[in-house]
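*Asks:* The structure's right below; bear with me while I get my questions together.
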Amino acid sequence: MSTSTSPFCQPFSCRPSFPSTPKLKYIPHSSLHRTACLSSFSSSSSRPLKNNWRFSCFKDENLDYDGIPETAGDTVEQEPKRLDVKHHWPLKLRKAVDVIFSAEPWTVPWTAKTIIQVMLLWIASFWLVGSWIIPFLGHIAGLRKDTLTYRGQAFYSLLTDVAEGAAGIAILHRCLTPFCPLSPDWFKFSFKGKWLVDVCLGCLMFPLVNCLSQVNLNLLPMLPPAPVAASNVEQSIVARDPVAMALYATVVSVCAPIWEEIVFRGFLLPSLTRYMPLWCSIMVSSLAFALAHFNMRRMLPLVFLGMVMGTVYTRSRNLLPSMLLHSLWNAFVFIDLMK
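Just so you know, we're using full-length UniProt numbering here: the sequence shown kicks off at 1 and counts up by one.
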């Protein structure tokens with residue numbers, strides 16, 4: 001087989017010719033690789049496609065390319081990634097706000113009549129149990145609250161709080177039984193879920209709640225002065241009675257958060273979503289929560305605290321986070337009294 005007719009030798013016979021005078025010049029090693037690639041591309045584009053294999057863009061392993069600047073295309077590709085990292089927290093904050101303002105409301109099977117009925121009965125039972133039933137039972141047992149020791153007064157407070165909470169839960173059960181079974185998101189209590197971060201963020205608001213107490217006093221300067229006599233809790237703290245302090249801590253950090261959250265966050269807040277937006281339900285239920293404490297001096301901080309706990313409950317649809325946050329706040333106040 002002759003060389004001229006062999007298909008494997010034909011490309012060598014059509015080898016391109018180069019000028020006799022070389023047109024080479026010194027190129028800095030930092031841009032040698034890119035210059036070689038561009039010159040190869042320009043040279044090969046003017047020749048037939050079958051000869052392109054003679055011009056290749058290669059990388060010299062002995063050269064240092066760390067100093068070569070990135071092209072405009074590389075910069076454009078990396079820029080969106082930097083923007084995503086930069087706007088990571090604002091996007092998360094926006095999602096949190098969307099949960100409050102755009103979340104779907106609960107499915108409420110009862111009307112405003114049931115809502116008003118439950119709340120009025122709860123207020124009546126709260127007053128009746130605390131002011132009449134428990135004192136009457138104590139009188140029958142031959143006990144007078146003003147003659148009790150620190151431990152006796154603490155136990156009296158615990159018994160009263162448990163009775164008030166049980167009465168409120170019984171009213172809820174009696175009034176909502178005709179609507180059972182309820183959907184799973186009603187009165188949900190679960191350890192599952194990503195709610196721990198929300199509780200921690202809520203705890204960071206505690207100093208602000210304390211500051212709002214002073215703002216409240218400045219806004220309402222005409223309020224009557226606070227009583228000089230110390231409360232039973234403060235007297236027990238001064239006396240340093242460990243049993244009495246433990247009983248009071250149980251009242252404020254365990255009992256009260258459970259039944260208050262069931263009534264205000266578990267029932268009232270979701271029920272209001274039938275008639276108003278979710279954010280408005282949080283505000284109205286927070287106002288009712290503050291009014292239920294019968295203390296105008298703490299109205300503003302309690303409203304704000306109710307909004308924080310309502311937001312935590314709305315995001316998780318779980319009573320446990322709001323109960324835990326409520327308990328931590330009461331413990332924060334109790335520890336502050338011990339200083």
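Glycine included, C-beta positions come from ideal geometry on N, C-alpha and C.
1. Give the secondary structure of residue 260 by DSSP, where H, G and I count as helix, E and B as strand, and everything else as coil.
2. To the nearest angstrom, report how far apart residue 195 and residue 143 are at their CA atoms.
3. In or out: residue 106 buried (at least 16 other Cβ within 10 Å) or exposed?
4. Using only the alpha-carbon positions, how far apart do residue 151 and residue 128 sit?
5. Measure from the alpha carbon of residue 316 to the alpha carbon of each residue in 161, 299, 146, 187, then state which is nearest.
6. Look at residue 179 and residue 122 and say whether their C-beta atoms are less than 8 Å apart.
7. Just the Cα atoms here: how many angstroms apart are residue 301 and residue 181?
8. What would DSSP say about residue 146, mapped onto helix, strand or coil?
9. Would you call the CB atoms of residue 202 and residue 164 closer than 8 Å?
10. Just the Cα atoms here: how many angstroms apart are residue 274 and residue 245?
11. Is the Cβ-Cβ distance between residue 125 and residue 171 less than 8 Å?
12. Tell me where the alpha helix (DSSP H) around residue 136 begins and ends.
13. Would you call residue 160 buried or exposed, if buried means 16 or more other Cβ atoms sit within 10 Å of its Cβ?
14. Can you find at least 3 beta carbon pairs, one from the stretch 277–285 and one from the stretch 327–337, that sit closer than 8 Å?
15. Hey, would you say residue 299 sits closer than 8 Å to residue 216, going by beta carbons?
16. For residue 305, tell me which candidate among 288, 149, 193 has the shortest Cα-Cα distance.
17. Whole angstroms is fine: what's the gap from residue 80's alpha carbon to residue 198's?
18. If I'm right that residue 269 touches residue 313 with Cβ under 8 Å, what's the distance once you round it to whole angstroms?
19. Could you tell me which whole alpha helix (DSSP H) segments of length 4 or greater appear in the stretch 264–301?
20. Keeping to the same chain, check which residues put their C-beta closer than 6 Å to that of residue 74; ignore five residues upstream and five downstream.
21. Please name the residue, chosen from 307, 191, 337, 146, that lies closest to residue 205 on a Cα-to-Cα basis.
22. Helix, strand or coil, according to DSSP, for residue 180 in the structure here?
23. Does DSSP classify residue 113 as helix, strand or coil?
24. Report yes if the C-beta distance between residue 352 and residue 168 is below 8 Å; otherwise report no.
25. Specify, as a first and last residue, the run of the alpha helix (DSSP H) that residue 198 falls within.
26. Cutting at 8 Å between CB atoms, please list the residues of its own chain near residue 265, excluding the five before and the five after it.
27. DSSP three-state label for residue 309, please.
28. Tell me the DSSP secondary structure of residue 193 in three-state form.
29. Helix, strand or coil for residue 128? Go by DSSP, reduced to three states.
30. Less than 7 Å between C-beta atoms, sequence neighbours within five positions excluded: which residues of the same chain meet that for residue 335?
31. Which term fits residue 267, buried or exposed, when burial requires 16 or more other beta carbons within 10 angstroms of its beta carbon?
*Replies:* Reading it off the structure:
1. Here residue 260 sits in helix by DSSP.
2. If I take the Cα positions, the gap works out to 45 Å.
3. The residue is buried, with at least 16 neighbouring Cβ atoms inside 10 Å.
4. If I take the Cα positions, the gap works out to 24 Å.
5. Nearest option by C-alpha distance: 187.
6. Cβ atoms of residue 179 and residue 122: not closer than 8 Å.
7. 36 Å
8. helix
9. no
10. 42 Å
11. yes
12. 134–140
13. Burial call: buried.
14. no
15. A contact, by the Cβ cut-off of 8 Å.
16. 288
17. Any reading at residue 80 must be qualified, since the residue scores a pLDDT of 45, below 50, and its modelled position is unreliable; the value itself is stated next. For residue 80 and residue 198, the distance between alpha carbons rounds to 29 Å.
18. With 8 Å as the limit, residue 269 and residue 313 qualify as a contact, their Cβ atoms being about 7 Å apart.
19. 269–272, 278–291
20. At residue 74, the pLDDT of 48 sits below 50, so the modelled position is not reliable and the matter cannot be decided from this model.
21. 307
22. coil
23. The DSSP-derived three-state label of residue 113 is helix.
24. The structure shown does not extend to residue 352, since the chain is modelled only from 1 through 339, so no value can be given for it.
25. 196–203
26. 285, 309, 310, 313, 319, 322
27. helix
28. coil
29. helix
30. Hits under 7 Å: none found.
31. Classification for residue 267: buried.
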